[in-house]
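One structure is given here, and the rest of the page talks about it.
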Amino acid sequence: MNMPDASEGRRPSEGVPEVLVILSSTRESRFGPTVADWVMSRAAERTDMHARLADLRDFEMPYYNLDVNGPRVEPEMEPREWAKTVRSADAFVIVTPEYNYGYPAVLKSALDALYRPWNRKPVAFVSYGGWSGGTRAVQQLRQVVVELQMAPIRSSVVFQFARRLFDEEGHLREPEMFDTAVEAMFDDLVWWANALRDARPRT
Ligand SMILES: Cc1cc2nc3c(=O)[nH]c(=O)nc-3n(C[C@H](O)[C@H](O)[C@H](O)COP(=O)(O)O)c2cc1C
Numbered sequence: 002m003n004m005p006d007a008s009e010g011r012r013p014s015e016g017v018p019e020v021l022v023i024l025s026s027t028r029e030s031r032f033g034p035t036v037a038d039w040v041m042s043r044a045a046e047r048t049d050m051h052a053r054l055a056d057l058r059d060f061e062m063p064y065y066n067l068d069v070n071g072p073r074v075e076p077e078m079e080p081r082e083w084a085k086t087v088r089s090a091d092a093f094v095i096v097t098p099e100y101n102y103g104y105p106a107v108l109k110s111a112l113d114a115l116y117r118p119w120n121r122k123p124v125a126f127v128s129y130g131g132w133s134g135g136t137r138a139v140q141q142l143r144q145v146v147v148e149l150q151m152a153p154i155r156s157s158v159v160f161q162f163a164r165r166l167f168d169e170e171g172h173l174r175e176p177e178m179f180d181t182a183v184e185a186m187f188d189d190l191v192w193w194a195n196a197l198r199d200a201r202p203r204t
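For the sequence shown, this note's numbering gives the first residue as 2, with consecutive numbering after it.
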């Protein structure tokens, strides 16, 4: 998958926070791109942030294999492209499915591979799945990201039985409720992104 840029066709506003939308499902017949594309389309409507998509398929992401004894990864050990991508972001939206009550293993590897590039940055969640809509995966993620010194924000978007909610073109059949939810999520995320971006240099 390419890495579309939500600002394509318009000038990115100077100074607005950079939001990295992480697509964390990598399997062959995945539904994830439909959800991530919708997130990117909503992000493109906003002038107070600038979004970029990171598809974990596009990064070399082996199972976590760093030879360190603790969560603090030294910069020279970080996977270079992934570290560069995460470091350049002020905030994150993790788009995650739910597999057996949890989130994808590749996403855990992507989180564990870095430490400082995640620190003191907000993260929001868009989840999808069957009956639970990925909410249990997100509950687990909230615990994990705190150890990476990230700030998980309250507002999120949940797609229960996601495949039924989108049509063949990838458009939501009934967008109103989800549009409201994603706007609230972006509002929160941008607030935290600006607050923490101002505060980070002081630490
Ligand atoms: C191995 C596996 C386990 C799953 N477990 C759950 C689950 O615990 N809860 C849920 O709501 N959906 C579950 N599902 C449904 C997936 O969330 C759904 O198929 C989703 O589209 C997967 O995302 P993907 O297609 O982008 O990989 C599971 C699917 C798979 C393949």
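C-beta: ideal position from N, C-alpha, C; glycine also. These figures come from a predicted structure and were not determined experimentally.
Quiz prompt | Beta-carbon proximity check, residue 108 vs residue 54, cutoff 8 Å | solution = Cβ distance not < 8 Å, so residue 108 and residue 54 don't count as in contact.
Quiz item: On the premise that residue 128 lies in contact with residue 89, defined as a C-beta separation below 8 Å, what is that separation, rounded to the nearest angstrom?
Solution: Not confirmed; about 25 Å, so no contact.
Quiz item: With a Cβ-Cβ cutoff of 8 Å, do residue 136 and residue 159 count as a contact?
Solution: Yes; because the gap between Cβ atoms is below 8 Å, this pair is in contact.
Quiz item: Do you know whose CA, among 133, 39 and 142, lies nearest residue 110's CA?
Solution: Considering only 133, 39 and 142, the residue with the shortest C-alpha distance to residue 110 is 142.
Quiz item: With respect to 7 Å, is the separation between the Cβ of residue 157 and the closest non-hydrogen atom of ligand 1 below this value?
Solution: No, the beta carbon of residue 157 sits no closer than 7 Å to any heavy atom of ligand 1.
Exercise. Go to residue 1, then tell me how far its beta strand (DSSP E) extends in each direction, as first and last residue.
Key: Look at the range of the chain in this structure, 2 to 204, and you will see that residue 1 is not part of it.
Quiz item: Going by Cα to Cα distance, which pick from 138, 86, 117 and 50 is closest to residue 75?
Solution: When only C-alpha atoms are compared, the closest one is 117.
Self-check item: Those residues, in chain order, that have a beta-carbon closer than 7 Å to some heavy atom of ligand 1
Solution: In chain order, the qualifying residues are 26, 28, 30, 31, 32, 33, 98, 99, 100, 101, 102, 129, 130, 131, 132, 133, 134, 135, 137, 163 and 164.
Quiz item: Can you give, in chain order, each stretch of the beta strand (DSSP E) that sits fully within the stretch 64-109 and has at least 3 residues?
Solution: Runs of beta strand (DSSP E) with 3 or more residues, each lying fully within the stretch 64-109, are found at 92-98, listed in chain order.
Quiz item: With DSSP run on the structure shown, which of helix, strand or coil describes residue 53?
Solution: Residue state for residue 53 is assigned as strand, using DSSP reduced to three classes.
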